[in-house]
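Okay, structure first, notes after.
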Amino acid sequence: MKPNRCSHRDALNHRCRDLVAPSHSFLCYRHARNQQAAERKRQEAERKEREAARLGAELASLSGEYKTASDINRVLGKLFDLLAQNRIDRAKAHTLAYIAQLMLITLPTVRNEIQMVQGFDIWRRSVLRSLALNRPPANESSQAVPPQSVSSAGAPAPVEARLAG
Ligand SMILES: [Zn+2]
141 MKPNRCSHRD ALNHRCRDLV APSHSFLCYR HARNQQAAER KRQEAERKER
191 EAARLGAELA SLSGEYKTAS DINRVLGKLF DLLAQNRIDR AKAHTLAYIA
241 QLMLITLPTV RNEIQMVQGF DIWRRSVLRS LALNRPPANE SSQAVPPQSV
291 SSAGAPAPVE ARLAG
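Under the working numbering, the first residue of the sequence shown is numbered 141, with each subsequent residue one higher.
In C-alpha cells form, the structure reads like this:
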C-alpha cells in the first residue's frame, strides 16, 4: 500500500512532512523531482565517462606506442576527425595537437636511441608494424605484401606480412 507521507529523510534523519506525489510511489513532488535530477546527472556523468573512454581508445595509436611518425600521424588524423565532428573540445584538441607536435620533434632522438641501443632491425620492425597497423583493411582476399614495402634479402619476413595473415 502506498504511504501517505514522503519517505525522504534528511542528513539528520528527519523525515519529510510532505504528502507523497500522485506520480510517485513513495516521494513527495519536490523529492521526486530532486531524485530525477540526480538520476539524470548520474546518467550524464556515465555518458561522459563512456565517451571519454571511447575517445581515448580512438585517439590511441594502433601500436600503443608513439615512436614513429606513422603512429603520431594516425593520432593527428583521428584528432582532425573528432574535431570536425564536434566530438572533442577545441581546447583539448589544441592541447593534444601541441603534445603530438612535441612528440614529432622528439622522434629523431627516439629513433637514434632505439637504433643505438637495440639496433637498426628493431627500429625497422617498429616502423613496419606501425605502417601495417595504420594501413586500411584490404578489400580483396589477397594478403600479398605491397611492392613498396621495405624488404631485404636474408632478413626475416617483414612484420607487416606476418601481421597481415
Ligand atoms: Zn519529500
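Where a beta carbon is used, it is the ideal one built from N, C-alpha and C, also for glycine.
The structure presented is a predicted model; accordingly, all values stated were derived computationally and were not measured.
- If you draw a straight line from the Cα of residue 195 to the Cα of residue 213, it comes to about 16 Å.
- DSSP, reduced to helix, strand and coil, places residue 152 outside both helices and strands of the structure shown, so it counts as coil.
- For residue 256, the enclosing alpha helix (DSSP H) stretches over residues 230–258.
- Excluding sequence positions up to five before and after residue 149, its CB lies within less than 8 Å of the CB of 155 and 156, all in the same chain and listed in chain order.
- Pairing residue 210 with residue 218, the inter-Cα distance amounts to about 12 Å.
- With 5 Å as the limit, the residues whose C-beta approaches a heavy atom of ligand 1 more closely than that are 146, 148, 156, 158, 168 and 171, in chain order.
- At the C-beta level, residue 231 and residue 215 stay beyond 8 Å of one another.
- Under DSSP, residue 159 takes part in a beta bridge, and its partners are 145.
- For residue 206, there is no enclosing alpha helix (DSSP H), as DSSP marks it with neither H nor E.
- Nearest neighbour of residue 247 by Cα position, chosen from 233, 182 and 205, turns out to be 205.
- Secondary structure note for residue 225: it is in no alpha helix (DSSP H), with a DSSP letter that is neither H nor E.
- DSSP places residue 220 within a helical segment (H, G or I) once states are collapsed to three.
- For the 8 Å CB-CB criterion, residue 160 and residue 142 form a contact.
- Taking the Cα positions, residue 225 is about 26 Å away from residue 270.
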